[in-house]
Amino acid sequence: MSFANTEILSPLGGWFRPILGRDPYNKKNVEESQKAALKAVHALEEHLLTHTYLVGERLTLADIFATSIIARGFQYFFDKAWRAENPNVTRWYETINNVPSYAAVAGKLEFIEEAIKNVPPKKEAAPKKEQAKAKPKKEEADEEEDEKPAAPKAKHPLELLPRATFALDDWKRKYSNEETREVALPWFWENVNFEEYSIWKVDYKYNDELTLTFMTSNLVGGFFARLEASRKYIFGAASVYGTANDSIIKGAFVIRGNEALPAFDVAPDFESYEFTKLDPTNAEDKEFVNDQWAWDKPITVDGKAYEWADGKVFK
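In terms of the UniProt record's numbering, the sequence shown is residues 1 to 315.
Next up, the structure:
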């Protein structure tokens, strides 16, 4: 699931969205996304050469999750020729689509014959100009009044909240420039206004699928990159604890407002994480936040201690 989240989801979106007109089209960026997506799917092709499913020899949540992500590829790009060259991924994808519980949501499986292509908009021939007759000034003024301004760009939901008295940028600078335990954290608790902000614990839902710690760290980095639209409204850090094939992801965030969804749903993979609201008056919750932002202590989960391995800061 981590592989699908980090290696397929983002490049596949960078490939099909500009072609469909959902994002600005940049030929170089689209080609790079295409190359990255196909490379990741090829890794699946090789894995599925000797495996019926992604994990073991029976259906798991990983198959359902990865199929839902790769579905865009089959919807827009993986045509008849591609499927002939990638029989293992095609077989696996068709198998999962025939699982009744998946088919009930995804609908009937239909393969495409040809991949979609970028079609530049046609330039309409400019009509022959006729010499404009001078218009009375009153008529010109009336036309100006009739012109409607362009529709404003949709605002981030958190932008609709009243102006905060606590400037999050001040905290970000304090965290970056001062000693974390000695100066920055005490300043945070003394100055943040919890009528305007809230603190949250972040847990990755699929720790049992994590492998090498550097890959897990890249997973966190990818999630943070996709939070860009919320940068003005949130600050946080997440860490990888443990060792290869025995690690977990935990983190803590302070966000504008009292709901997690508006801050985090800008990232397509936010549903891979669980967000738990913390109580700033609770000493245990405060210490959890301190530890997540200081990176100087191990963490204990279900009686087992995990050493800190790596971390990422979103600021």
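Don't be surprised by glycine CBs; every beta carbon is placed ideally from N, CA and C.
Measuring alpha carbon to alpha carbon, tell me which residue in the options is nearest residue i.
| i | options | result |
| --- | --- | --- |
| A164 | R83, A43, I255, T281 | I255 |
| K117 | N88, Y76, L109 | Y76 |
| A81 | N98, F166, A4, F111 | F111 |
| N282 | E228, A238, W200 | W200 |
| F253 | F188, K304, Y25 | F188 |
| K232 | S10, T300, D170 | D170 |
| S33 | F3, T95, P18 | P18 |
| F3 | E209, R22, F16, E178 | E209 |
| R181 | K250, E190, D296, P262 | D296 |
| I248 | E274, F235, F65 | E274 |
| E113 | V105, T6, G73, T95 | G73 |
| S239 | A71, L219, E45 | L219 |
| I234 | E94, H156, G311, T300 | H156 |
| A309 | E284, E287, H47, A244 | A244 |
| R48 | P100, F223, T90, K28 | Residue identity check: residue 48 is Leu in the sequence provided, not Arg. Looking at the Cα atoms, T90 is the closest of the given residues. |
| N88 | E7, E46, E287, F194 | E46 |
| A260 | Y25, V41, T213, V202 | V202 |
| H42 | E7, G56, A263 | E7 |
| G14 | L212, V30, S68 | V30 |
| N207 | K250, S230, K174, Y197 | K250 |
Buried or exposed for residue i, please, with buried defined as at least 16 other CB atoms from any protein chain shown within 10 angstroms of its CB.
| i | result |
| --- | --- |
| K205 | exposed |
| S176 | exposed |
| E85 | exposed |
| W92 | buried |
| L160 | exposed |
| D302 | exposed |
| K108 | exposed |
| A167 | exposed |
| V192 | buried |
| E271 | exposed |
| R226 | buried |
| N98 | exposed |
| F78 | buried |
| P11 | buried |
When DSSP labels each residue in this structure, what does residue i get in the three-state scheme?
| i | result |
| --- | --- |
| K277 | strand |
| residue 326 | As displayed, the chain neither begins before 1 nor continues past 315, which places residue 326 out of reach and without an answer. |
| V313 | strand |
| Y241 | strand |
| A305 | strand |
| I64 | helix |
| F3 | helix |
| D265 | coil |
| D170 | helix |
| D291 | helix |
| R58 | coil |
| R181 | helix |
| L20 | coil |
| I112 | coil |
| D208 | helix |
| D285 | helix |
| K80 | helix |
| A229 | helix |
| Y53 | coil |
| A71 | helix |
Give the range of the beta strand (DSSP E) segment to which residue i is assigned.
| i | result |
| --- | --- |
| R256 | 246-256 |
Across which residues does DSSP place residue i in a beta bridge pair?
| i | result |
| --- | --- |
| D203 | K250, E274 |
| S10 | DSSP, once it has assigned bridges, lists no residue as partnering S10. |
| S198 | I255 |
| I234 | I255 |
Specify, as a first and last residue, the run of the alpha helix (DSSP H) that residue i falls within.
| i | result |
| --- | --- |
| K297 | Premise fails: K297 is in no alpha helix (DSSP H) and is neither H nor E. |
| K35 | 27-47 |
| R91 | 87-97 |
| N191 | 185-191 |
| F223 | 213-225 |
| V105 | 100-106 |
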